[in-house]
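Student: Using UniProt numbering, the first residue of the sequence shown is number 1, and each one after it goes up by one. A virtual CB, placed ideally from N, CA and C, is assigned to each residue, including glycine.
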Amino acid sequence: MPSKLIIVESPTKSKTLQDFLGKNYKVLASFGHVRDLPKGELGVDLENNFEPRYVIPTKARKTIKLLKDAVKETKSTILATDEDREGEAIAWHLVEALKLGGKKEPYERIVFHEITKEAILEALKNPREIDINQVNAQQARRVLDRIVGYKLSPFLWKKIARGLSAGRVQSVAVKLIVEREREIEKFKTQEYWTIIATLKKMKEAGPPSFEASLIKKDDKALDKLEIKNEKEAEKIVKDLAGAEYQVLEVEKKEVNKNPLAPFTTSTLQQEAWRRFKFPAKFTMSIAQRLYETGKITYHRTDSLNLSAMSLGIAKKFITNNYGSNYYHFRKFKTKAKGAQEAHEAIRPTYPEITPDQTKLDERQYKLYDLIWRRFMASQMKEAMFLTTVADIEAKNCIFRANGQTLKFDGFLKVYPIKYEEAELPPLEKTEILELSKLNKVQHFTQPLSRYTEATLIKALEKAGIGRPSTYAPIISTIQGRNYIEKNEKKFFQPTEIGFVVNDILTEHFPEIVDLNFTANMEENLDNVSRGERKWKQVLEDFYGPFSKNLEQKYQDVSKKEFTEQNPKKLCPKCQSPLLVRLGKFGKFYACSKFPECKYTESLPQNNLGIKCPKCLEGNVVAKRTKTNKIFYGCNRFPKCDFALWDKPFNEKCPKCDSLLVEKYKKAKCSNKECDYAKPAVPANP
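Structure (structure tokens):
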């Protein structure tokens with residue numbers, strides 16, 4: 001009969017611990033939070049110092065009963081939830097819900113950063129009290145977000161459309177995406193030209209010819225946009241006719257490239273998106289599984305610390321497998337605001353176990369392999385490149401050629417990254433070179449790229465907004481609310497409703513979408529977690545000005561009418577004109593006799609002007625799944641079920657006559673059994 005009960009968050013984690021600890025312990029899962037603010041109401045007493053009213057959700061009642069029975073059957077309870085604000089809050093709520101404490105129901109709190117037998121046994125030797133400051137920081141965030149959501153959302157319903165919602169941190173993320181979109185819309189492309197000389201050594205065998213770019217003319221460095229049009233470029237080419245190309249200067253030097261730090265939550269999410277196109281939420285789901293099965297350390301962290309044990313194993317592994325010249329000890333300093341230095345970076349729990357020695361599914365393997373390589377590379381020697389810069393004179397112009405070759409791979413041995421090698425032939429000062437050709441090349445300036453999951457997380461972290469546990473939920477929430485969407489190239493764009501909600505919040509509640517205000521609030525929450533501020537005072541400081549402004553705006557702001565009449569389109573139920581209205585999911589047709597007639601229908605879909613290749617009657621249109629993902633199908637559905645995930649071109653495959661689709665910057669055949677592909681015309685992301 002077990003004498004001690006251990007409670008963790010998830011069944012996977014409980015199974016791992018149970019396997020370690022044996023029959024003297026009973027390990028059960030709480031399945032996340034067991035108490036929360038009630039659904040359907042504010043749940044915060046604004047007149048009584050922001051006192052929250054917690055309830056046990058219906059889905060948690062069975063778990064609570066099971067845990068209460070287990071508490072009675074064992075002598076003591078050990079709370080082993082994660083060591084962060086959410087984990088600490090779960091432990092506190094368990095104490096309250098299970099009525100733990102005192103001689104009758106004693107309990108202990110233990111923490112660990114990796115799920116290994118050694119770490120668990122060490123934690124059991126060193127129990128501690130619940131960190132009430134961490135709990136209060138979580139309560140402050142939860143109550144703050146509830147107040148903003150429950151107070152601002154009805155305002156949006158009244159002034160724009162029902163079903164809309166506003167969130168404290170999410171609204172800032174939407175603003176970033178909206179502002180970037182408007183920068184792109186306002187951007188005016190500028191034409192510019194470059195002059196490229198293809199040169200080689202005079203009558204001598206060696207590496208092939210190399211290119212040099214014009215960088216200076218008449219002793220003046222050329223700005224990127226200096227050569228504005230083809231006429232100016234052509235004049236330079238003509239002026240250089242018959243010129244002698246002489247080496248003016250050659251500079252060679254060794255350049256070191258250092259390895260990146262081991263992963264934090266945000267950098268793991270960014271790199272998993274860049275390499276595998278894993279969404280942040282998906283990355284965290286896989287990382288959670290790897291953590292709970294003891295493969296990696298805790299995955300919600302902003303610390304770059306590494307344990308002495310892991311560093312010792314890394315040194316031994318690198319020295320034994322690659323040689324002592326590949327090893328280089330490094331200590332990284334955490335830059336993130338409010339980082340918890342007691343935590344570690346994300347690393348393998350057993351670094352000596354290579355990815356190929358693990359039994360993981362394909363996606364788990366990819367992420368574990370990435371984490372293992374990044375950790376191991378962080379303790380390896382820098383890569384060394386030999387760079388050559390040659391300046392070449394021709395009349396009144398100077399061209400520059402750049403060469404780079406890898407001299408020592410260092411950390412690249414385990415963590416390959418893209419780099420360009422361009423070898424220049426051995427060049428001597430005053431040497432005369434032979435011109436193969438002189439080209440003028442047209443370019444156009446490009447706007448800033450739209451945000452991807454990786455670049456949005458990076459921007460949020462740089463601004464001090466959000467914390468390791470919040471990046472993935474922020475992105476999921478703003479997509480779920482239909483304020484932003486991913487285009488075909490996986491870049492974020494605001495929806496029509498996203499523009500509208502952002503504009504009204506920016507105009508009337510600027511502090512809610514202000515980067516500095518939100519970052520300062522994150523800092524206040526960090527101060528609460530360290531015991532430097534009272535959590536209810538933080539709420540009071542926010543709510544006083546916020547509530548006064550909200551009350552005033554209800555009076556000042558008139559309802560935004562987003563309706564357009566369409567007299568040619570009549571309601572099929574009552575023959576009244578249909579109106580184009582704005583709702584939670586964008587524009588739609590609604591009967592002008594509402595509420596007497598409640599008829600609605602979707603607006604016509606985005607027609608790509610491509611005949612359906614299956615039924616030959618309908619057209620291919622852009623559609624959305626229930627989860628807001630774009631796909632392409634026939635507008636005669638359900639009569640025709642033709643559908644594609646990739647955007648089709650209005651062009652047939654020359655091999656099999658199927659439609660070509662855009663995939664990985666290529667036009668590929670949509671028929672999976674056909675291998676035809678060709679370069680696609682690039683479009684703005």
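Span of the beta strand (DSSP E) holding ILE236?
Tutor: Boundaries for ILE236: no beta strand (DSSP E) harbours it, while the alpha helix (DSSP H) harbouring it runs 230-239, taken from the DSSP string.
Student: Quick one: give me the first and last residue of the alpha helix (DSSP H) that ARG330 is part of.
Tutor: Here ARG330 belongs to no alpha helix (DSSP H), and DSSP marks it neither H nor E.
Student: Roughly how many whole angstroms lie between the Cα atoms of GLN446 and LYS418?
Tutor: One C-alpha to the other measures close to 23 Å.
Student: My guess is that THR16 and THR293 are in contact by the Cβ rule of under 8 Å, so how many angstroms apart are they, rounded?
Tutor: 6 Å
Student: Here's the rule: buried if 16 or more other CB atoms are within 10 angstroms of the residue's CB, otherwise exposed. What is ALA241?
Tutor: exposed
Student: Return yes when the Cβ of CYS656 is within less than 8 Å of the Cβ of LYS614, no when it is not.
Tutor: no
Student: In whole angstroms, what separates the C-alpha of LYS429 from that of GLU114?
Tutor: If I take the Cα positions, the gap works out to 59 Å.
Student: Could you tell me which residues DSSP pairs with LEU263 in its beta bridges?
Tutor: The sequence shown places Phe at residue 263, not Leu. Answer is ILE346, bridged to PHE263.
Student: Quick one: complete beta strand (DSSP E) runs, 3+ long, within the stretch 403-446?
Tutor: 432-444
Student: Quick one: any contact between the stretch 341-359 and the stretch 289-305, if contact means 3 or more CB pairs under 8 Å?
Tutor: Counting Cβ pairs under 8 Å, three or more are found: they touch.
Student: Could you name each continuous alpha helix (DSSP H) segment of 4 residues or more that falls completely within the stretch 54-105, going from the start of the chain to the end?
Tutor: Listed in chain order, they are 58-73, 85-98.
Student: Report buried or exposed for ARG109, applying the criterion of at least 16 other Cβ atoms within 10 angstroms of its Cβ.
Tutor: Burial call: buried.
Student: Please report the Cβ distance between LYS252 and LEU386, rounded to the nearest whole angstrom; I am assuming they are in contact, meaning their Cβ atoms lie under 8 Å.
Tutor: 7 Å
Student: Below 7 Å CB to CB, which residues in the same chain sit around ALA123 once its five sequence neighbours on both sides are set aside?
Tutor: The answer, listed in chain order, is ILE110, VAL111, PHE112.
Student: According to DSSP, which residues form a beta bridge with SER213?
Tutor: ILE196, ARG400
Student: Mind checking whether the beta-carbon of PRO351 lies closer than 7 Å to any heavy atom of the ligand ZN?
Tutor: In terms of ligand content, the structure shown is empty, and the ligand ZN therefore cannot be addressed.
Student: Tell me where the alpha helix (DSSP H) around LEU370 begins and ends.
Tutor: 362-377
Student: Quick check on DSSP: helix, strand or coil for GLN190?
Tutor: DSSP places GLN190 outside both helix and strand once states are collapsed to three, so it counts as coil.
Student: Classify ARG624 as helix, strand or coil using the three-state DSSP reduction.
Tutor: strand
Student: When you compare only the Cα positions, how much space is there between LEU290 and CYS591?
Tutor: 52 Å
Student: Confirm, please, whether the CB-CB distance from LYS235 to TYR192 is below 8 Å.
Tutor: No, the Cβ-Cβ distance between TYR192 and LYS235 is not below 8 Å.
Student: Should the stretch 125-138 be regarded as contacting the stretch 20-30, the criterion being three or more beta carbon pairs within less than 8 Å?
Tutor: no
Student: So who's on the other strand from ASN619, going by DSSP bridges?
Tutor: LYS611
Student: Please check the pair GLU88 and VAL34, which I expect to be a contact at CB under 8 Å, by giving their CB distance rounded to whole angstroms.
Tutor: Incorrect: roughly 14 Å between the Cβ atoms, too far for contact.
Student: Indicate the three-state DSSP secondary structure (helix, strand or coil) for VAL174 in the structure shown.
Tutor: helix
Student: Take TYR245 and list the residues in its own chain whose beta-carbon comes closer than 8 Å to its own, dropping the five residues that flank it on each side.
Tutor: The answer, listed in chain order, is ALA197, LEU199, ILE392, GLU393, ALA394, PHE399, ILE432, LEU433, GLU434, LEU435.
Student: Whose C-beta lies closer than 6 Å to the C-beta of PRO685 among residues of the same chain, with five residues either side of it excluded?
Tutor: Reliability of the predicted coordinates at PRO685 is poor, the pLDDT of 45 falling under 50, and the value obtained from them is presented with this limitation in mind. Excluding sequence neighbours, PRO685 sits near SER449, ARG450, LYS489, PHE491.
Student: Which word fits GLY480, buried or exposed, when buried means at least 16 other C-beta atoms lie within 10 angstroms of its C-beta?
Tutor: exposed
Student: Can you tell me whether GLU341 is buried or exposed? The criterion is at least 16 other CB atoms within 10 Å of its CB, across all chains shown.
Tutor: For GLU341, the predicted structure reports a pLDDT of 48, less than 50, and the residue's modelled location is therefore unreliable. A value from the coordinates is still provided. Counting the other CB atoms within 10 Å of its CB gives GLU341 a total below 16, which places it among the exposed residues.
Student: Using a 10 Å radius around the Cβ and a threshold of 16 neighbouring Cβ atoms, would you call LYS62 buried or exposed?
Tutor: Its Cβ having fewer than 16 others within 10 Å, LYS62 is exposed.
Student: Going by the DSSP bridge assignment, what does CYS577 pair with across the sheet?
Tutor: A quick correction: the sequence has Pro, not Cys, at residue 577. Looking at the DSSP assignment, PRO577 forms a beta bridge with LEU570.
Student: Roughly how many angstroms lie between the CA atoms of ALA683 and GLU51, to the nearest whole one?
Tutor: Residue placement at ALA683 is poorly supported in this model, since its pLDDT is 44, which falls under 50; the coordinates still yield a value, given next. Spanning the two alpha carbons is a distance of roughly 53 Å.
Student: How many Å lie between GLU41 and TRP157 at the Cα?
Tutor: 16 Å
Student: Among PHE517, GLU617, VAL621, which has the Cα closest to the Cα of GLY609?
Tutor: When PHE517, GLU617, VAL621 are compared, the shortest CA-CA separation from GLY609 is found for VAL621.
Student: Do you know offhand how far LYS175's Cα is from ASN49's?
Tutor: 31 Å
Student: Which same chain residues, not among the five before or five after ASN256, have their C-beta less than 6 Å away from its C-beta?
Tutor: GLU382, MET384
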